[in-house]
Amino acid sequence: MSNVRRLPGPIDERWDWQRLGACRGRDSAQFFHPDGERGSSRNRRELKAKQVCGTCPVRAECAAHALSVREPYGVWGGFSESERLRLLAMGWEDLADRRQTRVDVERLEARLGRPHKSAVPAALRPSPAPAQRRAS
Numbered sequence: 000m001s002n003v004r005r006l007p008g009p010i011d012e013r014w015d016w017q018r019l020g021a022c023r024g025r026d027s028a029q030f031f032h033p034d035g036e037r038g039s040s041r042n043r044r045e046l047k048a049k050q051v052c053g054t055c056p057v058r059a060e061c062a063a064h065a066l067s068v069r070e071p072y073g074v075w076g077g078f079s080e081s082e083r084l085r086l087l088a089m090g091w092e093d094l095a096d097r098r099q100t101r102v103d104v105e106r107l108e109a110r111l112g113r114p115h116k117s118a119v120p121a122a123l124r125p126s127p128a129p130a131q132r133r134a135s
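Quick note on numbering that gives the first Met the number 0: the sequence shown kicks off at 0 and runs consecutively.
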């Protein structure tokens, strides 16, 4: 169970970022596992959730929130439950702003050994523009 004592108070500015989340209005089952879900089913669901997170304009705020309150369930800010546990064990605060309301997502991914933009699989990323040939 989450420790609600760590949650920020009802100050609107602290929660306003949630209105802009790419997950807003989506089925929460995409981000939270049902009882007994394991293996490839869980991996597929988490990958789809992370794809949504990869396009989210408030991903840094979402990840900071989940880490600061030690959110135990679901995909938040593109990080699964097990990834957040690893980040909590390794430390994440040095990659957050002073108020711990935003984190450097790229550096958190690197800390986990994931390449940048890993929330969006290579097959779904836009391909770089082809190199133009120079006339010789």
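Ideal placement from N, C-alpha and C gives every residue a C-beta, glycine not left out.
What's the call for Arg-44, buried or exposed, on a 16-neighbour Cβ count within 10 Å? buried
Just verifying my parser: in three-state terms, what is the DSSP assignment at Ala-21? coil
State yes or no: is the C-beta of Arg-102 within less than 9 Å of the C-beta of Asp-96? At residue 102 the sequence reads Val, which differs from the Arg that was named. Closer than 9 Å, so yes.
On the DSSP letters alone, give me the boundaries of the alpha helix (DSSP H) that Val-51 sits inside. 38 to 53
Evaluate Arg-106 with the Cβ neighbour count: other Cβ atoms within 10 Å of its Cβ, from every protein chain shown; 16 or more gives buried, anything less gives exposed. exposed
Take the Cβ of Gly-90 as the centre, count every other Cβ of all protein chains shown within 10 Å, and call the residue buried at 16 or more, exposed below. exposed
Where Trp-75 sits in the DSSP three-state scheme: strand
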